[in-house]
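**Student:** Mapping of the sequence shown onto the working numbering: residues 295 to 545, in sequence order. Idealized CB from N, CA, C, for every residue including glycine. I have a structure here, written as C-alpha cells, and I will follow up with some questions on it.
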Amino acid sequence: MAAHHNTASEDEFPTLKPRRIQNQNVVHRLERRRICSGPVGAHWYRVRCFHQNLFPNFTVVNVEKPPCFLRKFSPDGRCFIAFSSDQTSLEIYEYQGCQAAEDLLQGQEGETLANGNDQRSLNIRGRLFERFFSLLHVTNVASNGEHLNRECSLFTDDCRYVIVGSAAYLPEEPHPHFFEVYRNNESVTPNPRSPLEDYSLHIIDLHTGRLCDTRTFKCDKIILSHNQGLYLYRNILAVLSVQQQTIHVFQ
295 MAAHHNTASE DEFPTLKPRR IQNQNVVHRL ERRRICSGPV GAHWYRVRCF
345 HQNLFPNFTV VNVEKPPCFL RKFSPDGRCF IAFSSDQTSL EIYEYQGCQA
395 AEDLLQGQEG ETLANGNDQR SLNIRGRLFE RFFSLLHVTN VASNGEHLNR
445 ECSLFTDDCR YVIVGSAAYL PEEPHPHFFE VYRNNESVTP NPRSPLEDYS
495 LHIIDLHTGR LCDTRTFKCD KIILSHNQGL YLYRNILAVL SVQQQTIHVF
545 Q
C-alpha cells in the first residue's frame, strides 16, 4: 500500500525537468551561429537569433545628424526611418553596415570619443551618420495641417512597406455636426481632455519611397502613440476608433 501511495503521489505531483541551458561561451556561440542554419522551414527570426554576447566596444558622443527625428530600423535591418523636423515627411535611409566607418575610426584609441574639439574628432562626429546611413527617399506624407505621430509606425512582414499615422486638431469653429461626432448608437461623448481629431493612415513603399495609399478618419479619436489603436497581422490591418467604438478592418 505504501508503495502504491508513493507512485500515486509522484503521478499527482510530477517533478519539473531541469531546463537545458546552451553553452554560453562567446566563441562557441558565434561559431554555432555561423555554421548552424536551423531546421528545414524554420523562420529566419529563429535561425538568426538575437545577439546576447556582443556589445559595442567604441562610443562616439554628440554625433551630428540631419534635422529630423530618428525612429527605428525595419525588421530586416536594411532600412532606417526618420521623421522630418516639421513632422510632415518620412525619411528613408539605407543602413550601410557596421563596417562603413572603419577607415574613419581607424587608429582611434580608447573606448569613447567624447566632446573633443580637435579636427579629427570634429571630422568623425560630422561624418559618422552619413557613413552608416545613406538617404534613399524623402516622402511628403502629411497634408492639410496634419502632423505625423513619431510613435506610430508598423512594418509589413516582408519589410517592404511601412504604415505611419498623422493627425490634426479640429478647429473650434465651425463645430462638427452632430452626426459627424455620433455616427452610431455606441458612439461616446467626447472628452474635453482628449479632443477629437482628423486622422490619416499612410502606407509607403520603402524601396521606392512612393506613397501607395491613404485612409482618412474624420472627427474621430484613434490612439496612434505606440500603435495602441492599430494592429497589423500579415496583410490585415485593424484600426480601433475609440470615439465610434468601431474596429475598421482593411486588407
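Can you name, in chain order, every residue of its own chain whose Cβ lies under 7 Å from the Cβ of residue 482, other than the five neighbours on each side?
**Tutor:** Within the sequence shown, numbered from 1, the residue matching residue 482 stands at position 188. Excluding positions up to five away in sequence, the list reads 537 and 539.
**Student:** Hey, how far is the Cα of residue 492 from the Cα of residue 544?
**Tutor:** By 1-based counting over the sequence shown, the position of residue 492 is 198. By 1-based counting over the sequence shown, the position of residue 544 is 250. Approximately 19 Å between the Cα atoms of the pair.
**Student:** Rounded to a whole number of angstroms, what is the C-alpha to C-alpha distance between residue 495 and residue 462?
**Tutor:** Locating residue 495 in the sequence shown gives position 201, counting from the first residue. Locating residue 462 in the sequence shown gives position 168, counting from the first residue. Cα to Cα, the separation comes out at about 12 Å.
**Student:** Can you tell which of 365, 395 and 390 has the C-alpha that lies nearest to the C-alpha of residue 384?
**Tutor:** The residue labelled residue 384 in the question sits at position 90 within the sequence shown. Ranking 365, 395 and 390 by Cα distance to residue 384 puts 365 first.
**Student:** Considering only residues of the same chain and omitting the five flanking positions on each side of residue 529, which have a CB-CB separation below 7 Å?
**Tutor:** Numbered from 1 along the sequence shown, position 235 holds the residue referred to as residue 529. These residues qualify, in order along the chain: 545.
**Student:** Any idea if residue 511 is buried or exposed, counting beta-carbon neighbours within 10 angstroms, 16 or more meaning buried?
**Tutor:** The sequence position of residue 511 within the sequence shown is 217, counting from 1. The residue in question, residue 511, is buried, as its Cβ has 16 or more Cβ neighbours within 10 Å.
**Student:** Identify which residue in 515, 451 and 319 has its Cα closest to the Cα of residue 488.
**Tutor:** Position 194 of the sequence shown, counted from the start, is the residue given in the question as residue 488. Residue 515 is the option with its Cα nearest to residue 488.
**Student:** If we ignore side chains and look at the alpha-carbon of each, how far apart do residue 527 and residue 401 end up?
**Tutor:** As a first step, residue 527 is located in the sequence shown; it is residue number 233 there, counting from the start. As a first step, residue 401 is located in the sequence shown; it is residue number 107 there, counting from the start. Roughly 47 Å separates the two Cα atoms.
**Student:** Could you tell me whether the segment 391-409 touches the segment 432-447, using the rule of 3 or more Cβ pairs below 8 Å?
**Tutor:** Judged by Cβ distances under 8 Å, the segment 391-409 makes no contact with the segment 432-447, as fewer than three pairs qualify.
**Student:** Along the chain, where does the beta strand (DSSP E) containing residue 385 start, and where does it finish?
**Tutor:** On the sequence shown, position 91 is the one that residue 385 refers to. Unbroken beta strand (DSSP E) run through residue 385: 383-389.
**Student:** Distance check for residue 518 and residue 470, CA to CA, integer angstroms please.
**Tutor:** One-based indexing of the sequence shown puts residue 470 at position 176. One-based indexing of the sequence shown puts residue 518 at position 224. Roughly 22 Å separates the two Cα atoms.
**Student:** Please report the distance separating the alpha-carbon of residue 422 from that of residue 507.
**Tutor:** For the purposes of this step, residue 422 is taken as residue 128 along the sequence shown, with counting starting at 1. For the purposes of this step, residue 507 is taken as residue 213 along the sequence shown, with counting starting at 1. Each residue's Cα considered, the two are about 34 Å apart.
**Student:** Relative to the alpha-carbon of residue 480, which residue among 541, 393 and 500 has its alpha-carbon at the smallest distance?
**Tutor:** On the sequence shown, residue 480 is found 186 positions in, with the first residue counted as 1. Nearest option by C-alpha distance: 541.
**Student:** In the DSSP assignment, find the unbroken beta strand (DSSP E) run with residue 535 in it and report its ends.
**Tutor:** As a working mapping, residue 535 is identified with position 241 in the sequence shown. Where residue 535 is concerned, the enclosing beta strand (DSSP E) stretches over 530-535.
**Student:** Residue 455: which of 372, 316 and 413 sits nearest, CA to CA?
**Tutor:** Here residue 455 corresponds to residue number 161 of the sequence shown, with the count starting at 1. When only C-alpha atoms are compared, the closest one is 372.
**Student:** What residue range does the alpha helix (DSSP H) around residue 320 cover?
**Tutor:** Walking along the sequence shown from the start, residue 320 turns up at place 26. That run of the alpha helix (DSSP H) goes 320-329.
**Student:** Can you tell me whether residue 430 is helix, strand or coil according to DSSP?
**Tutor:** The sequence position of residue 430 within the sequence shown is 136, counting from 1. If DSSP states are grouped into helix, strand and coil, residue 430 belongs with the strands.
**Student:** Below 9 Å between beta carbons: does that hold for residue 522 and residue 436?
**Tutor:** Here residue 522 refers to the residue found at position 228 of the sequence shown. Here residue 436 refers to the residue found at position 142 of the sequence shown. No. Outside cutoff.
**Student:** So for residue 459, helix, strand or coil by DSSP?
**Tutor:** Stepping through the sequence shown from its first residue, residue 459 is reached at position 165. Strand.
**Student:** To the nearest angstrom, how far is the alpha carbon of residue 393 from that of residue 458?
**Tutor:** Translated into positions along the sequence shown, residue 393 becomes position 99. Translated into positions along the sequence shown, residue 458 becomes position 164. If I take the Cα positions, the gap works out to 30 Å.
**Student:** Out of 317, 504, 424 and 447, which has the shortest C-alpha to C-alpha gap to residue 361?
**Tutor:** Counting from one through the sequence shown, the residue named residue 361 turns up at place 67. Taking only the C-alpha atoms, the option nearest residue 361 is 424.
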